[in-house]
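Written below as structure tokens is the structure these notes are about.
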Amino acid sequence: MELVDIARWQFGIVTVYHFLFVPLTIGLTLIVALFETFWLRTKDPAYLRLTKFFGKLFLINFALGLVTGIVQEFQFGMNWSDYSRFVGDVFGAPLAIEGLLAFFLESTFLGLWIFGWDKLPRLVHAACMWIVHLGVLASSWFILAANSWMQHPVGYRFDEESGRAELTDFAAVMFNKVQLVTFPHVVLAAYLTAGAFVIGVSAWLYASKKHGSRVPGEDDPDAAEVLETARSDRAMYRKAMRISAVVMLVGGIGVVVSGDVQGKIMTEVQPMKMAAAEALYETEESCAPFSVFTIGTPDGTEEKFAVTVPCLLSFLGTGSFDGEVKGINELRETYRETYGADPGAAYYTASEYVPNIPVTYWTFRWMMGFGALGGAGAVLVLWLTRRSREEKVAPAWIGRVGIGLPVVMVLANSMGWIFTEMGRQPWVVFGLMTTESGVSPGVSVTEALISVITLTSLYAVLFVIEMKLLAKTVRKGPEEFVEPPDPGSKDHDPDAQLNFAY
Amino acid sequence: MLGMELTTVWFVIIAFLWIGYFALEGFDFGVGMLVPVLARDETERRVLINTVGPVWDGNEVWLLVAGGATFAAFPEWYATLFSGYYLPLLLILVALILRNLAFEYRHKGDTQQWRDRWDLALIGGSFVPAVLWGVAFANIVGGSPIDADKEFTGTLFTLLNPHGLLGGLTTLLLFATHGAMFVALKTDGDIRHRARALAVRLGIAAAVVAVVFLAWTQARTGDTSSAVAFVAAALVLVGGIGAASAGREGWAFLGTFLAIVLAVAGLFLALFPDVMVSSTSPAFSLTTTNAAASPYSLTVMTWAAAIFTPLVIGYQSWTYWVFRKRISTHHIPTADLADAR
Numbered sequence: 011m012e013l014v015d016i017a018r019w020q021f022g023i024v025t026v027y028h029f030l031f032v033p034l035t036i037g038l039t040l041i042v043a044l045f046e047t048f049w050l051r052t053k054d055p056a057y058l059r060l061t062k063f064f065g066k067l068f069l070i071n072f073a074l075g076l077v078t079g080i081v082q083e084f085q086f087g088m089n090w091s092d093y094s095r096f097v098g099d100v101f102g103a104p105l106a107i108e109g110l111l112a113f114f115l116e117s118t119f120l121g122l123w124i125f126g127w128d129k130l131p132r133l134v135h136a137a138c139m140w141i142v143h144l145g146v147l148a149s150s151w152f153i154l155a156a157n158s159w160m161q162h163p164v165g166y167r168f169d170e171e172s173g174r175a176e177l178t179d180f181a182a183v184m185f186n187k188v189q190l191v192t193f194p195h196v197v198l199a200a201y202l203t204a205g206a207f208v209i210g211v212s213a214w215l216y217a218s219k220k221h222g223s224r225v226p227g228e229d230d231p232d233a234a235e236v237l238e239t240a241r242s243d244r245a246m247y248r249k250a251m252r253i254s255a256v257v258m259l260v261g262g263i264g265v266v267v268s269g270d271v272q273g274k275i276m277t278e279v280q281p282m283k284m285a286a287a288e289a290l291y292e293t294e295e296s297c298a299p300f301s302v303f304t305i306g307t308p309d310g311t312e313e314k315f316a317v318t319v320p321c322l323l324s325f326l327g328t329g330s331f332d333g334e335v336k337g338i339n340e341l342r343e344t345y346r347e348t349y350g351a352d353p354g355a356a357y358y359t360a361s362e363y364v365p366n367i368p369v370t371y372w373t374f375r376w377m378m379g380f381g382a383l384g385g386a387g388a389v390l391v392l393w394l395t396r397r398s399r400e401e402k403v404a405p406a407w408i409g410r411v412g413i414g415l416p417v418v419m420v421l422a423n424s425m426g427w428i429f430t431e432m433g434r435q436p437w438v439v440f441g442l443m444t445t446e447s448g449v450s451p452g453v454s455v456t457e458a459l460i461s462v463i464t465l466t467s468l469y470a471v472l473f474v475i476e477m478k479l480l481a482k483t484v485r486k487g488p489e490e491f492v493e494p495p496d497p498g499s500k501d502h503d504p505d506a507q508l509n510f511a512y
Numbered sequence: 080m081l082g083m084e085l086t087t088v089w090f091v092i093i094a095f096l097w098i099g100y101f102a103l104e105g106f107d108f109g110v111g112m113l114v115p116v117l118a119r120d121e122t123e124r125r126v127l128i129n130t131v132g133p134v135w136d137g138n139e140v141w142l143l144v145a146g147g148a149t150f151a152a153f154p155e156w157y158a159t160l161f162s163g164y165y166l167p168l169l170l171i172l173v174a175l176i177l178r179n180l181a182f183e184y185r186h187k188g189d190t191q192q193w194r195d196r197w198d199l200a201l202i203g204g205s206f207v208p209a210v211l212w213g214v215a216f217a218n219i220v221g222g223s224p225i226d227a228d229k230e231f232t233g234t235l236f237t238l239l240n241p242h243g244l245l246g247g248l249t250t251l252l253l254f255a256t257h258g259a260m261f262v263a264l265k266t267d268g269d270i271r272h273r274a275r276a277l278a279v280r281l282g283i284a285a286a287v288v289a290v291v292f293l294a295w296t297q298a299r300t301g302d303t304s305s306a307v308a309f310v311a312a313a314l315v316l317v318g319g320i321g322a323a324s325a326g327r328e329g330w331a332f333l334g335t336f337l338a339i340v341l342a343v344a345g346l347f348l349a350l351f352p353d354v355m356v357s358s359t360s361p362a363f364s365l366t367t368t369n370a371a372a373s374p375y376s377l378t379v380m381t382w383a384a385a386i387f388t389p390l391v392i393g394y395q396s397w398t399y400w401v402f403r404k405r406i407s408t409h410h411i412p413t414a415d416l417a418d419a420r
């Protein structure tokens with residue numbers, strides 16, 4: 011195995027893993043902030059129970075997202091030092107500003123939120139979660155601007171003397187047209203994912219025989235009370251689902267619209283990626299079809315069976331059903347002419363300029379497929395738990411569908427990233443530097459192997475722990491309502507037990 | 080900083096970020112390491128962990144920003160350091176992952192085994208970076224093999240030289256002392272007194288080791304300014320120990336805080352204008368000029384830093400104010416404890 015392969019595997023593993031937790035972090039900060047705000051406004055105990063319960067799930071998830079994020083920042087330098095030397099002038103600034111502007115905000119105000127129940131006035135406490143949400147949005151902005159620059163470098167010049175890319179226009183990097191559509195796509199997909207998570211977990215609790223759908227035993231003296239608690243719990247889960255449904259709806263519409271614009275921009279700035287998404291080898295001058303499903307070899311040599319929608323690819327790529335979509339073969343020639351004829355450029359290596367077609371073809375479809383499946387599942391669950399059914403207990407299978415929702419949504423997110431990063435290959439910075447020339451020349455294969463094996467095994471163990479903790483917390487369900495301390499009031503006892511402690 | 084070269088400004092900013100990181104996370108490393116030494120039962124362990132509970136995460140962001148700022152302002156420094164000091168950094172990463180999760184997950188389990196394992200993660204995860212950061216900085220300042228292409232040519236064992244190891248021991252003892260001082264300042268009751276007594280003993284050991292290490296560093300690469308910083312660091316450390324034994328915990332903590340600030344500042348003063356010393360040839364050393372980003376990039380970031388750094392310092396200080404009260408065993412929620420058994 012070559013160093014570049016190991017480094018790429020590590021990047022793929024730790025980045026996809028990191029991004030399992032990121033969408034939930036982005037979306038749950040919003041939903042938890044909404045719950046707490048609703049509690050402040052309505053004083054309905056259900057909203058406080060939801061705030062605390064989903065806050066707890068959020069924190070379990072956030073912890074792993076945070077620690078795996080540290081690896082992200084370090085590994086550019088560790089495994090990709092030539093990349094770092096080449097792009098640091100452009101790519102480093104958003105990273106540094108992300109830390110200064112977003113990470114400090116997130117960590118500080120999250121600490122205040124976790125431990126501040128008995129220290130901060132209620133309004134300030136709720137504001138902390140909103141600030142955390144602003145922090146994660148700012149964080150997403152800067153890191154996606156950095157990534158968008160790798161997809162479509164702008165606002166820089168190549169400096170012959172230093173042999174690196176140098177920043178010339180920071181605003182151009184911040185408002186790169188790829189960034190302007192990637193940011194809404196990623197953030198709204200995160201809303202969609204977190205919405206599906208809350209709906210799914212709430213549906214499970216709604217249908218659970220231990221929670222929302224419990225029925226008293228035949229000679230239970232407190233039968234009436236049990237039924238009443240279960241009914242009011244179902245009402246609480248419906249509240250959670252209703253708010254999340256709105257978040258999901260906004261996210262869902264936004265993801266489709268932004269994804270559509272993204273397709274067109276991608277066709278313009280990275281035509282090879284679009285061709286690879288469809289495994290389109292020959293240029294279609296008009297009405298290029300989109301295959302929903304193919305059996306056969308997706309390298310285009312043999313097609314046994316395919317379900318295709320006529321002209322859809324033209325529409326996705328150009329906005330017009332008779333637009334031209336260039337094929338891989340033609341683009342390969344174009345790329346060779348553009349990039350391959352310059353042997354003097356230190357950062358180019360002769361290459362096919364074609365990404366891994368089966369990977370791009372399938373991840374593109376799985377991204378959309380999982381997203382649509384999750385959306386449909388959420389609609390189904392919402393329908394089955396509608397208000398007119400609130401009086402009745404629910405069958406357990408609704409809960410099982412619910413638990414599946416966040417899983418498919420998270421997978422849709424992963425597929426999107428695998429598609430967009432694999433589709434850029436062989437470039438690490440499109441048109442400027444190949445992935446192969448970005449690795450650290452001083453790192454040995456042994457060192458890189460130690461790193462990828464250590465991190466992967468550690469991550470695997472942590473995944474099991476995290477899933478167990480999430481499952482345990484969900485099974486336990488929201489805690490009973492307890493009026494939280496109110497540090498704004500006169501009879502608040504500052505020497506009482508901590509409201510929350512590690 | 081008017082009139083200073085932008086590259087020098089950024090050297091100062093990065094030094095500031097590392098100083099902030101060590102002065103802040105230094106005490107939460109210390110608290111993590113001292114859990115088995117200072118706490119006598121589960122409630123006391125929780126008292127210790129909760130002294131840093133609301134702030135450790137914010138403290139750690141100083142490292143992330145230092146890393147990001149180095150990437151942006153001195154890409155060559157970032158690239159050489161992170162690819163060169165590969166295995167120690169990997170170890171630090173693993174340690175940080177484990178200790179961060181220990182904070183978040185330890186209290187979520189119900190068995191003693193669960194807690195014991197996370198305690199191990201917390202202790203080990205605090206101990207390893209406390210040593211390795213010292214090793215790394217001793218090598219950055221003292222020199223490590225770097226060739227003409229700015230590539231590190233040594234191995235893990237090159238870094239584990241006597242000067243490097245002494246650097247590691249110095250940060251270990253300093254952070255442990257700093258942690259004990261913090262516990263003495265932030266707790267009440269029996270544990271407060273034990274922490275103060277321990278801080279004095281650890282402090283004396285730290286002072287002896289630190290004086291040897293700093294004098295050695297001074298002899299290798301120091302100049303007048305670093306000498307002044309090192310002497311001042313030693314003096315405030317001794318002052319802090321004196322304050323601790325006199326029962327003045329606020330002054331004592333300020334003493335170790337300033338000792339770390341001055342010692343790290345001294346290391347950066349000894350380093351300047353290099354950013355990574357090459358032991359292969361002085362000509363191959365990375366400097367504030369040959370490792371720097373372009374003036375435009377540095378200007379953009381200078382604006383960002385000028386606007387946001389005061390804000391960050393403002394709201395982080397506010398957090399420390401919000402959580403200023405001492406914690407003692409009677410503050411720990413007992414319901415959770417019953418739950419745990």
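For the record, the sequence lines run as chains A and B.
Numbering of the first sequence is given in the numbering used here, commencing with residue 11 and proceeding in unit increments.
Numbering of the second sequence is given in the numbering used here, commencing with residue 80 and proceeding in unit increments.
Glycine included, each C-beta is placed from N, C-alpha and C at the ideal position.
Because the structure is a prediction, the values reported are computed rather than measured.
Over the uninterrupted beta strand (DSSP E) stretch that includes residue i, give me the two end residues.
i	result
A:Phe168	166–169
A:Pro439	In the sequence under discussion, the amino acid at residue 439 of chain A is Val, which differs from the Pro named in the question. That run of the beta strand (DSSP E) goes 437–439.
A:Leu431	The sequence shown places Glu at residue 431 of chain A, not Leu. No beta strand (DSSP E) contains A:Glu431, which is instead part of the alpha helix (DSSP H) from 406–432.
A:Ala175	174–177
At which residues does the alpha helix (DSSP H) containing residue i begin and terminate?
i	result
B:Leu333	328–350
A:Ala240	233–279
B:Val354	Element bounds for B:Val354: not the alpha helix (DSSP H) but the beta strand (DSSP E), 353–355.
B:Glu139	135–152
A:Leu459	455–486
B:Gly188	Segment: none, B:Gly188 is in no alpha helix (DSSP H) and carries neither H nor E.
Can you list the residues of chain B that residue i reaches, using a CB-CB cut of under 7 Å?
i	result
A:Asp99	Pro154, Ala372, Ser373, Ser376
A:Val81	Leu172
Closer than 9 Å by beta-carbon distance: list the chain A residues that pair up with residue i, in chain order.
i	result
B:Ala227	Within chain A, no residue comes near B:Ala227; the closest Cβ sits about 13 Å away, beyond 9 Å.
B:Leu333	Here the premise fails: no neighbours, minimum Cβ distance about 22 Å.
B:Leu201	What B:Leu201 touches in chain A: nothing, since even the nearest Cβ is about 10 Å away.
Below 8 Å on the Cβ atoms is my contact criterion, and I expect residue i with residue j to pass it. Report the Cβ-Cβ distance as a whole number of Å.
i	j	result
A:Ser268	A:Val146	Actually they are not in contact, since the Cβ atoms of A:Ser268 and A:Val146 sit about 18 Å apart, beyond 8 Å.
How would you list, in chain order, the residues of chain A whose beta-carbon sits under 7 Å from the beta-carbon of residue i?
i	result
B:Phe231	Gly452
B:Ala148	Ala106
Name, please, each residue of chain B whose Cβ falls closer than 9 Å to the Cβ of residue i.
i	result
A:Ser94	Phe150, Pro154, Glu155, Tyr157, Ala158, Phe161, Ser162
A:Ile475	Leu180, Tyr184
A:Ala481	In chain order: nothing, as chain B lies at least about 12 Å away.
A:Met378	By Cβ distance, chain B contributes nothing, its closest Cβ being about 33 Å from A:Met378, past 9 Å.
Starting from residue i, find everything on chain A with Cβ-Cβ shorter than 8 Å and list it in chain order.
i	result
B:Leu175	Val77, Ile80
At a CB-CB cut-off below 8 Å, which residues of chain B make contact with residue i?
i	result
A:Gln507	His409, His410, Ile411, Pro412, Thr413
A:Leu69	Glu183
When every heavy atom of the ligand MG is checked, does at least one fall within less than 8 Å of the C-beta of residue i?
i	result
B:Thr366	What this structure holds is no ligand at all, so the ligand MG is not there to describe.
- Query: Using Cβ-Cβ distances below 7 Å, what residues of the stretch 121–144 of chain B are close to chain A?
  - Reply: Per Cβ criterion, the list reads Arg125, Ile128, Asn129, Gly132, Pro133, Val134, Asp136, Gly137, Val140, Leu143, Val144.
- Within the stretch 15–88 of chain A, note down every full alpha helix (DSSP H) run reaching 4 residues or more, in order along the chain. Correct list: empty.
- Item | Secondary structure, alpha helix (DSSP H): runs of 4+ residues fully inside the stretch 199–285 of chain B | 235–238, 241–265, all fully within the stretch 199–285 of chain B.
- In the stretch 345–373 of chain B, which residues sit with their C-beta less than 7 Å from some C-beta in chain A, listed in chain order? So the close ones are Ala372, Ser373.
- Going along the stretch 379–412 of chain B in order, which residues come within less than 8 Å of chain A, judged by CB to CB distance? Those residues of the stretch 379–412 of chain B that come within reach of chain A (Cβ to Cβ, closer than 8 Å) are Val379, Met380, Ala383, Ala384, Phe387, Thr388, Val391, Tyr394, Gln395, Thr398, Val401, Phe402, Lys404, Ile406, His409, His410, Ile411, Pro412.
- Query: What residues from the stretch 180–194 of chain B come within 7 Å of chain A, judged by C-beta to C-beta, listed N to C?
  - Reply: For the stretch 180–194 of chain B, the beta-carbon criterion of a distance under 7 Å to any beta-carbon of chain A is satisfied by Leu180, Phe182, Glu183, Tyr184, Arg185, His186, Lys187.
- Which residues, taken in chain order from the stretch 87–109 of chain B, show a beta carbon closer than 8 Å to some beta carbon of chain C? No chain C is present in this structure, whose protein chains are A and B.
- Message: Extract the residue ranges of the alpha helix (DSSP H) inside the stretch 182–224 of chain A, only unbroken runs of 4 or more that lie entirely within it.
- Response: For the stretch 182–224 of chain A, whole alpha helix (DSSP H) runs of length 4 or above, ordered along the chain, are 187–217.
- Task: With a floor of 4 residues, list each alpha helix (DSSP H) that falls wholly inside the stretch 97–139 of chain A, ordered by position along the chain.
- Result: The stretch 97–139 of chain A is shown to contain whole alpha helix (DSSP H) runs of 4 or more residues at 114–125, in chain order.
- Taking a cut of 9 Å between CB atoms, which residues from the stretch 108–133 of chain A lie near chain B? Per Cβ criterion, the list reads Glu108, Gly109, Leu110, Leu111, Phe113, Phe114, Leu115, Glu116, Ser117, Thr118, Phe119, Leu120, Gly121, Leu122, Ile124, Phe125, Gly126, Lys129, Leu130.
- Message: Counting only Cβ-Cβ distances shorter than 8 Å, please list the residues of the stretch 132–151 of chain A near chain B, keeping chain order.
- Response: The stretch 132–151 of chain A vs chain B, Cβ under 8 Å: nothing.
- At what residue ranges does the stretch 330–406 of chain A contain a whole run of the alpha helix (DSSP H), taking only runs of 4 or more? Complete alpha helix (DSSP H) runs here, min 4: 338–345, 367–394.
- Could you name the residues of the stretch 161–182 of chain A whose beta carbon sits closer than 7 Å to any beta carbon of chain B, in the order they occur along the chain? Flagged, chain order: Glu176, Leu177, Thr178, Phe180.
- Query: If you measure beta-carbon to beta-carbon, which residues of the stretch 264–277 of chain A are closer than 8 Å to chain B?
  - Reply: If the cut-off is 8 Å between Cβ atoms, the stretch 264–277 of chain A has nothing near chain B.
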